[in-house]
Amino acid sequence: MKFSTIITAIAALVAPMTAVAKSQDYARHLELSLLFYEAQRSGKLPENNRIYWRHDSLVDAGADNGVDLSGGYYDAGDNAKFNFPGAATMTLLAWSGIDYAEGYKSAGQWEYILDAVRWGADYFMKCHTGKNELYAQVGDGNTDHGFWYPPEYVKYDYPSFKVTAEKPGSEVAGETAAFLAAASILFKDEDSSYSAKLLKHAKEIYEFADTYRGDYTGAIPGVVSFYSTYSGYNDELAWGAAWLLRATGDESYLNKYNVIANKKYESYDPKKFSGATGPISWDDKRPGCYILIAMVTGDENRIKEAYNYCDAVLTQPKTPGGLWYDDGLSMWGSNRYASNAASMLAMFANYLPKSDPKRAKYVEFVQQQTNYILGDNPAKINYVVGAEANSPKAVHHRGSSGVFDSQDKAAKPDENIYTLWGALAGGPDETDSYIDTRSNFRTNEVALDYNAAFQMNLAFLTQEGLSKPDPDSVKIHERSWPKKAETPDIRLKFSDGELSIATGSGMRCSGWCVSFTSSSYKITQTSDGNIVNSGPEYTICNKRENNALDGKGTAHIVTFQASGSSLPTEFTVLCDGFHAPLNHQKYSYIPEWGRQYKVVNGGGVENTTPLFEETECWPGFICDGSAPSPSTTKTKTPVQTSVSNDCFAIAQGYECCNDNEVVYTDESGQWGIKDGQWCGIGGASTPEPTPEPQPDCGAYPCCNECEVIYTDNDGDWGVENNEWCLINKLVCGGNPKPKTCTGQDSGFPCCNHCEVIYNDNDGPWGIENGEWCGISSEC
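If you count by mature numbering (1 follows the signal peptide of the UniProt record, and there is no 0), then the sequence shown holds residues -21 to -1, 1 to 758, one letter each, in order.
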């Protein structure tokens, strides 16, 4: 028996391994997550749009109130733009770009995170239409959820809603200010004039939020069913103040933060600022405040508060498989909340020196939660759409579903027509169970805020050097990025009174039309399709219920009444570019958004010919090397000015409106509003330069260098060319003091920067290369 047991054990050891290693390719998933945000874009899409199935949508948003609110991002699987969670998402993305820049750069995604943040920032600045006026929502959630339409084909009312001094919204305004302040930091070295513009809006919006306090649900009651505020607005006011403190260094913002943070609350008050142990979220910013204010001030008590929060997160429950799970929150998007909880530990770990004994535990927790999401879980699912063959294929999302309804039993195919690359699916329940079904919006929807902290963690782990490339066997599959051109395979049968259409070879279509020419065969009506064009140039398209072609040979039958005997034999088939709405609305026929094919002899692979230039990838620039740069890297067109249309604001990136009414004045000058945007009134874009003062060294020459040899009542002296010379005070500032820095006598290095992280009795300290360094006396 012993010998038999040993043989069995050895056989098990040398048998081929069937388990597949779980992904730790954080850099690849970082790229995918950024693609998800591109898929959520609203408005007119740029030339560098990488999502082939997305097109311009709702470009007239805000028209009901005479303002331009186009752009920004759709919230989730719907088509509304909820600015409260949207701004919260953007703040986290901007934060990740600021502190994990090296992670993005090493993954080749730096320009794309800048692009993602700029797309959001441009929209939120549009929403700031007056000093005390901020649009907070575009689209009515209840109306929107009554339709299962892609955003390109929305035909229902799309109203816009704002907060004002009379009907304030401190939480949405405070969060918007936080985002724009964070974005101003991100762009400070990339585009200084854009950064200044962002900061100007951030300051004004924060002043509005702080001066006129109130919950935004009072101004927009319809939002209560979707994104009501449960933690109040104090956390957003503190959050906005913390970000403005980091952006400006203005101590008045620290005072505003401290007023909120140090306030005495009742122990049972759910809005109590200190002592939170839950995750940061679109509603609750307290955890973010704890970490950020500790980083910015270096205050000992704030650092202790950050440690306490991170340690508390580590002690909370997990699913049997190891996913961090909050009983009060995680039933709705568990992957999101696990990522949110981990993200603040990641940020604090990034701040701490590598010698800190707790840092390794925090990093381990972040990696464990991220690995769970990437497939190290009992369900053996990578929850990132398009990442692996086992990733979700039927997330609750209108645009990518390609079908006419969210209910899987009625709408076929069960899998989505399009791949929503990078979207983080909601996640498992408390038992690690998960069902990939489109109708399940509780655990299988996607949203802007689902990806935000998750993306932060990916950037952090990449920056830590922990990313390991996936093999091709993992990352290349039917739905992998980039989308490879499909095999044309349309199967078309046309007989008297009936048309049958299907696709094979994995070719999927969200809508379809069949066109043909016939002068002798006349079709009069059909109840199974839409006749877009009547003879002799016929175009028959799908009805709402038979729109999707699944690539698996499933046929749709269209019957019609006709007369004549000479049946057509050659057809043009449009794949995508047609949308059949509910019966009371008119269809949309936009062939340029689809692909057209010539089909003869019943079709199939041999008889289906593309009527467009075939490319390896969709869109073609992804694979052929002609990809346009992200919009953040495009060369700016210089602003042409004339004396009659010149003003101070051009230097800050704004237009002039010298004939407009003055609505606001600050230290820069007078401001008006033009087309919903701030514009400058008066002044000059390039003021006359002030002549530089000339040195006066009397009868002696001025020194070219600053080395002091001797000092007397006449000043500081040096020697050059064996002659005395006076030290130039304009250049050298008087008798230069030797450069010193905190901790120099104790062997600590001097920082190469002036950012103060911590102060003690020795002086100010910074961090460089993960180690403490002393701040120079010259800072």
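All residues carry an ideal CB built from backbone N, CA and C; glycine is no exception.
Considering only their Cβ atoms, is the gap separating residue j from residue i smaller than 8 angstroms?
i    : j    : result
F158 : A66  : yes
L324 : V275 : no
G300 : P371 : no
R315 : Y429 : yes
D101 : G56  : no
N521 : A559 : yes
L71  : M310 : no
N361 : S2   : yes
V342 : A404 : no
P609 : Y91  : yes
E112 : K141 : yes
C596 : A464 : yes
To the nearest angstrom, how far is the alpha carbon of residue i from that of residue j?
i           : j    : result
L331        : K283 : 12 angstroms
K182        : R192 : 16 angstroms
Y679        : N707 : 11 angstroms
E394        : R417 : 8 angstroms
G742        : R265 : 29 angstroms
C676        : L705 : 6 angstroms
N586        : C658 : 59 angstroms
E145        : R458 : 50 angstroms
A373        : F591 : 29 angstroms
K613        : L177 : Low local confidence applies: a pLDDT of 40 at K613 is under 50, so the model's placement there is unreliable, with the coordinate-based value given in what follows. Taking the straight line from one Cα to the other gives about 19 angstroms.
S163        : A175 : 7 angstroms
F539        : S474 : 10 angstroms
residue 777 : A217 : Any answer about residue 777 is impossible in this case: the structure gives the chain only from -21 up to 758.
Y209        : D194 : 10 angstroms
L165        : R20  : 21 angstroms
F127        : D262 : It is worth fixing the name first, because residue 127 is Trp in this sequence and not Phe. Distance between the alpha carbons of W127 and D262: 27 angstroms.
P715        : A161 : Summary for P715: the model assigns pLDDT 43, below 50, so the residue's position carries little reliability; its value from the coordinates is reported in the next sentence. Cα-Cα distance, rounded: 37 angstroms.
Q619        : K251 : At Q619, the pLDDT of 41 sits below 50, so the modelled position is not reliable and the matter cannot be decided from this model.
A(-3)       : L353 : The predicted model places A(-3) with a pLDDT of 39, which falls under 50 and marks its position as unreliable; any figure quoted below should be read in that light. If you take the alpha carbons of A(-3) and L353, they lie about 15 angstroms apart.
Y566        : D507 : 14 angstroms
T594        : T588 : 14 angstroms
C268        : S253 : 10 angstroms
T155        : D695 : 53 angstroms
S621        : G257 : Summary for S621: the model assigns pLDDT 42, below 50, so the residue's position carries little reliability; its value from the coordinates is reported in the next sentence. For S621 and G257, the distance between alpha carbons rounds to 56 angstroms.
C730        : C720 : 8 angstroms
G753        : R338 : 22 angstroms
C758        : A226 : 17 angstroms
E17         : C626 : 35 angstroms
A95         : T143 : 28 angstroms
L427        : R97  : 15 angstroms
S605        : L302 : 42 angstroms
S755        : E747 : 13 angstroms
Thinking just about the alpha-carbon of each residue, which of the options is nearest to the one in residue i?
i    : options                   : result
P461 : L177, I30, E169 and L437  : I30
W650 : K179, L11, K447 and A42   : K179
T108 : S755, I652, G659 and Q116 : I652
S380 : V363, R487 and I480       : R487
L445 : I569, I414 and N350       : N350
N624 : A630, C636 and Q631       : C636
F439 : M326, P249, N512 and K472 : M326
T466 : L478, D451, G483 and K454 : G483
D468 : A73, S12, D229 and G581   : G581
S647 : A328, G661, N639 and Q656 : G661
A73  : T122, Y132, S452 and L13  : L13
P138 : I239, A59 and Y83         : A59
M69  : E734, E367, S260 and C711 : S260
So residue i packs on residue j, CB below 8 angstroms; how close in whole Å?
i           : j    : result
L528        : W491 : 6 angstroms
residue 763 : I536 : With the chain covering -21 to 758 only, the question about residue 763 has no answer from this structure.
Q348        : S318 : 7 angstroms
Y135        : G99  : Not confirmed; about 25 angstroms, so no contact.
G153        : G219 : 4 angstroms
F420        : H456 : F420 to H456, Cβ: 26 angstroms. No contact.
V38         : G22  : 6 angstroms
L48         : K105 : 6 angstroms
H34         : E131 : 5 angstroms
Can residue i be considered in contact with the ligand HEM, in the sense that its beta carbon sits closer than 7 angstroms to one or more heavy atoms?
i    : result
Y397 : Of ligands this structure carries none, so the ligand HEM is not represented either.
Practice task
Taking only runs that begin and end inside the stretch 449 to 529, name each unbroken alpha helix (DSSP H) of 4 or more residues, in chain order.
Solution key: 451 to 454
Problem - Entirely enclosed alpha helix (DSSP H) segments - the stretch 313 to 373, minimum 4 residues - result: 313 to 330 and 338 to 352
Exercise for the section: Let me know the beta strand (DSSP E) ranges lying completely inside the stretch 413 to 447, each 3 residues or longer, listed in chain order. Expected result: none
Exercise for the section: Would you list, in sequence order, the uninterrupted alpha helix (DSSP H) runs of no fewer than 4 residues that lie entirely inside the stretch 52 to 100? Expected result: 62 to 78 and 80 to 85
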